[in-house]
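Q: Handing you a structure now.
Number of protein chains: 2
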Amino acid sequence: MDKPQNIYDNEKFYKDYRDMREKGLNANELIEIPIMKDMLPDLKGKRILDLGCGNGGMSKYFIEKGAKSVLAIDLSSNMINEAKEKNNAENITYVVLGMEDISKIEGKFDIVFSSLAFHYVKDYDKLVKDIYNLLDENGILIYSQEHPIATASKYHKEMKSYIFLDEKRYYVVSNYNENGERKMFWNVDGVIKYHRNFSYTINTLIQNKYNLLEVRESTASEEAIKLNSKYENQNDRPYFLFIKASK
Amino acid sequence: MDKPQNIYDNEKFYKDYRDMREKGLNANELIEIPIMKDMLPDLKGKRILDLGCGNGGMSKYFIEKGAKSVLAIDLSSNMINEAKEKNNAENITYVVLGMEDISKIEGKFDIVFSSLAFHYVKDYDKLVKDIYNLLDENGILIYSQEHPIATASKYHKEMKSYIFLDEKRYYVVSNYNENGERKMFWNVDGVIKYHRNFSYTINTLIQNKYNLLEVRESTASEEAIKLNSKYENQNDRPYFLFIKASK
Chain A
445 MDKPQNIYDN EKFYKDYRDM REKGLNANEL IEIPIMKDML PDLKGKRILD
495 LGCGNGGMSK YFIEKGAKSV LAIDLSSNMI NEAKEKNNAE NITYVVLGME
545 DISKIEGKFD IVFSSLAFHY VKDYDKLVKD IYNLLDENGI LIYSQEHPIA
595 TASKYHKEMK SYIFLDEKRY YVVSNYNENG ERKMFWNVDG VIKYHRNFSY
645 TINTLIQNKY NLLEVRESTA SEEAIKLNSK YENQNDRPYF LFIKASK
Chain B
445 MDKPQNIYDN EKFYKDYRDM REKGLNANEL IEIPIMKDML PDLKGKRILD
495 LGCGNGGMSK YFIEKGAKSV LAIDLSSNMI NEAKEKNNAE NITYVVLGME
545 DISKIEGKFD IVFSSLAFHY VKDYDKLVKD IYNLLDENGI LIYSQEHPIA
595 TASKYHKEMK SYIFLDEKRY YVVSNYNENG ERKMFWNVDG VIKYHRNFSY
645 TINTLIQNKY NLLEVRESTA SEEAIKLNSK YENQNDRPYF LFIKASK
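Line by line, the protein sequences give chains A and B.
Using our numbering, read the first sequence as starting at 445 and increasing by one per residue.
Using our numbering, read the second sequence as starting at 445 and increasing by one per residue.
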């Protein structure tokens, strides 16, 4: 099997990424996380699996909201070390493990959660199959990923993702129906993400027997726009797609 | 209540539209209809409601495939007259009726079908509610509409829907999360369609208790591309979205 990309253990990438996240006021904090929190059910007593947990911010949040236990995994040792430092708690177990290997996990979960990590995984069908097996009866999968309109185009390094026509911003989109690898410049060159169009994303869940509960596309709250006016652009083309489905 | 737009009874529009359809080799025949046919279940003995039936081509097809009966409605008398002339059959009933008024219909159906008409309807929530009531137990809704990436932007009349960057075609998209009316030039000026993003389209079905069975986005077959090479563009940005859901 191909070794999964581990970009968060690339030194330059990790430093730049950490700098960006620590500045706050970025799209994760202002747009993505508020929507994810809004989609979560009552967490009291729940066993949660956090896939691609990063620095553990959400894992800690789950415990604060009454979750019984959290198993939080990430492929990157950098991220897991940071999580153990910053977001430790008695009922959180942090483990260095890629999402490609979750079939090794034993036990069942009430909620499988993943924030902005699925677009790094090559085999989405295997991933949702593995998650299905880890969910207890009526368990819920909630995840966010980059929006298919945002991941579609095969950009050149120098290319802008939008243009202005008559002073109005238009995003550009191409190769939308061509699912697969996208190489891009993000902190470092050659970061690999996987584009999957909307129909493939949804049908794979249906074919794997999930019940689709909700789909969201990112919008920015008035508060977020006040803090950073550029996020008005969510109206033109959302950054993120959110999916909630039950076993 | 607002009177629904009846653009197919506009003389110039209808003439140009008919010319386009009669030339064949257009996106309806080459792309949309083959996908719709592929999504249909076995039609033997089925009672079918065809919403926005146009010239009745599909209604006739249903009977040829063994359907028990077809009730076919369209807002436009032009279209219904043409359907009665060209695609008459014993078990097809053609009626001039807008999709806004289907709650007046009595009886139950096994399949509610609609080809490229939903994007003319303002109140999608009411439409899918009304259809739910007309479906018999386990009845199926199958419909196509313009793709949300295609309907999103508020175009100027003079504006192209795509641009070239480094000799590669990119479609432009804006206002994606702004659901609602879009006025456009299509044969005549001021044709009104309604843009609805993916999440609203899908969530409205879920909230109205449908089980989502399948979502498709248009691609062109090799044969279609051989007949008209421009339809390679479906790879870059699909024209149509298809949804199949059951009661």
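Cβ atoms here follow ideal geometry from the backbone N, Cα and C, with glycine treated the same way.
Between the segment 652 to 686 of chain A and chain B, which residues of the former have a C-beta closer than 9 angstroms to a C-beta of the latter?
A: Correct list: 655, 656, 657, 658, 659, 660, 661, 662, 663, 678, 679, 680, 681, 682, 685 and 686.
Q: Mind checking if residue 609 of chain A is an interface residue toward chain B, Cβ cutoff 9 angstroms exclusive?
A: By this cut-off, residue 609 of chain A is an interface position.
Q: Start and end of the beta strand (DSSP E) containing residue 494 of chain B?
A: That run of the beta strand (DSSP E) goes 491 to 495.
Q: Output yes or no for whether 9 angstroms exceeds the beta carbon distance between residue 460 of chain B and residue 635 of chain B.
A: The answer is no: Cβ separation not under 9 angstroms.
Q: By alpha-carbon positions, which one of B:555, B:482 and B:606 ends up nearest to residue 593 of chain B?
A: That would be B:606, whose Cα lies nearest to the Cα of residue 593 of chain B.
Q: Quick one: grab the DSSP three-state call for residue 626 of chain A.
A: Looking at residue 626 of chain A - three-state DSSP - the assignment turns out to be strand.
Q: Please check if any C-beta of chain A sits within less than 9 angstroms of the C-beta of residue 514 of chain B.
A: No - not a single Cβ of chain A is within 9 angstroms of the one on residue 514 of chain B.
Q: Can you pull the chain A residues whose beta carbon is under 7 angstroms from the beta carbon of residue 612 of chain B, in chain order?
A: Result: 618.
Q: Taking DSSP as the reference, what is the three-state secondary structure of residue 445 of chain A?
A: Confidence at residue 445 of chain A is low in this model, with a pLDDT of 48, below 50, so the placement of that residue should be treated as unreliable; the coordinate-derived value is given next. Three-state result, residue 445 of chain A: coil.
Q: On the three-pair Cβ rule with 8 angstroms, is the segment 480 to 490 of chain A touching the segment 517 to 531 of chain A?
A: They do not touch, by the three-pair rule.
Q: If I'm right that residue 613 of chain B touches residue 680 of chain B with Cβ under 8 angstroms, what's the distance once you round it to whole angstroms?
A: Contact flag correct, Cβ pair sits at about 6 angstroms.
Q: What is the rounded straight-line gap between the Cα of residue 454 of chain B and the Cα of residue 544 of chain B?
A: Those two C-alpha atoms are separated by around 19 angstroms.
Q: Do residue 479 of chain A and residue 556 of chain A come within 9 angstroms of each other at the CB atom, strictly closer than that value?
A: Against a cut-off of 9 angstroms, the Cβ pair of residue 479 of chain A and residue 556 of chain A comes out as no contact.
Q: Is any beta-carbon of chain A found at less than 9 angstroms from that of residue 615 of chain B?
A: For residue 615 of chain B, the answer is yes, since a Cβ of chain A falls inside 9 angstroms of its Cβ.
Q: Would you mind telling me which residues of chain A sit closer than 8 angstroms to residue 622 of chain B, beta carbon to beta carbon, in chain order?
A: Simply 679.
Q: Run through DSSP, which three-state label would residue 554 of chain B get?
A: Strand at residue 554 of chain B.
Q: I believe residue 684 of chain B touches residue 625 of chain B by the beta-carbon criterion, under 8 angstroms. Please report the beta-carbon distance rounded to the nearest angstrom.
A: That pair is no contact at about 20 angstroms.
Q: With a cut-off of 8 angstroms, do at least 3 Cβ pairs link the segment 656 to 668 of chain B to the segment 568 to 577 of chain A?
A: Because the criterion of three Cβ pairs below 8 angstroms is not met, the segment 656 to 668 of chain B and the segment 568 to 577 of chain A do not touch.
Q: By a C-beta neighbour count over all protein chains shown, 10 Å radius and 16 as the cutoff for buried, is residue 469 of chain A buried or exposed?
A: Exposed: under 16 other Cβ atoms inside 10 Å.
Q: Anything in the segment 624 to 646 of chain A with a Cβ closer than 7 angstroms to a Cβ of chain B? List those residues in chain order, please.
A: Listed by position, the residues of the segment 624 to 646 of chain A near chain B (Cβ gap below 7 angstroms) are 641, 642, 643 and 646.
Q: Strictly by DSSP, which residues pair up with residue 688 of chain B?
A: DSSP output for residue 688 of chain B lists B:586 and B:658 as bridge partner(s).
Q: Could you give the residue range of the beta strand (DSSP E) that holds residue 515 of chain B?
A: Note, residue 515 of chain B: beta strand (DSSP E), 513 to 518.
Q: In chain order, what residues of the same chain lie with their CB nearer than 8 angstroms to the CB of residue 502 of chain B, ignoring the 5 residues before and after it?
A: Contacts found: 477, 480, 494, 557 and 559.
Q: From this set, B:620, B:638, B:621 and B:617, which residue's C-alpha is nearest residue 627 of chain B's C-alpha?
A: Answer by Cα proximity: B:638.
Q: Along the chain, where does the beta strand (DSSP E) containing residue 612 of chain B start, and where does it finish?
A: 612 to 617 is the extent of the beta strand (DSSP E) around residue 612 of chain B.
Q: Please report the straight-line C-alpha distance between residue 672 of chain B and residue 570 of chain B, rounded to a whole angstrom.
A: Distance between the alpha carbons of residue 672 of chain B and residue 570 of chain B is about 38 angstroms.
Q: Identify, in the order they occur along the chain, each residue of the same chain with its Cβ nearer than 7 angstroms to the Cβ of residue 445 of chain B, setting aside the five sequence neighbours on each side.
A: Note that residue 445 of chain B scores 48 on pLDDT, short of 50, meaning its location in the model is unreliable; the coordinates nonetheless yield the value given after this. Nothing listed; no residue qualifies.
Q: Under 9 angstroms, Cβ to Cβ, is there at least one residue of chain A near residue 475 of chain B?
A: No, residue 475 of chain B lies away from the interface with chain A (no Cβ there is under 9 angstroms from its Cβ).
Q: What residues are listed by DSSP as bridge partners for residue 637 of chain B?
A: Bridge partners of residue 637 of chain B: B:626.
Q: Quick check on the DSSP output: the beta strand (DSSP E) that includes residue 645 of chain B runs from which residue to which?
A: Taken as a continuous stretch (DSSP letters only), residue 645 of chain B belongs to no beta strand (DSSP E), being part of the alpha helix (DSSP H) at 642 to 651.
Q: Out of curiosity, what's the CA-to-CA distance linking residue 655 of chain A and residue 690 of chain A?
A: In a straight line, the C-alpha of residue 655 of chain A is about 5 angstroms away from that of residue 690 of chain A.
Q: Which residues in chain A have a C-beta closer than 7 angstroms to the C-beta of residue 451 of chain B? List them in chain order.
A: The contacting residues do not exist; residue 451 of chain B stays about 26 angstroms from chain A at best.
Q: Once DSSP output is grouped into helix, strand and coil, what is the label at residue 599 of chain A?
A: Coil at residue 599 of chain A, not helix or strand.
Q: Taking the alpha-carbon positions, what's the residue 688 of chain A to residue 482 of chain A distance?
A: C-alpha separation (whole angstroms): 11 angstroms.
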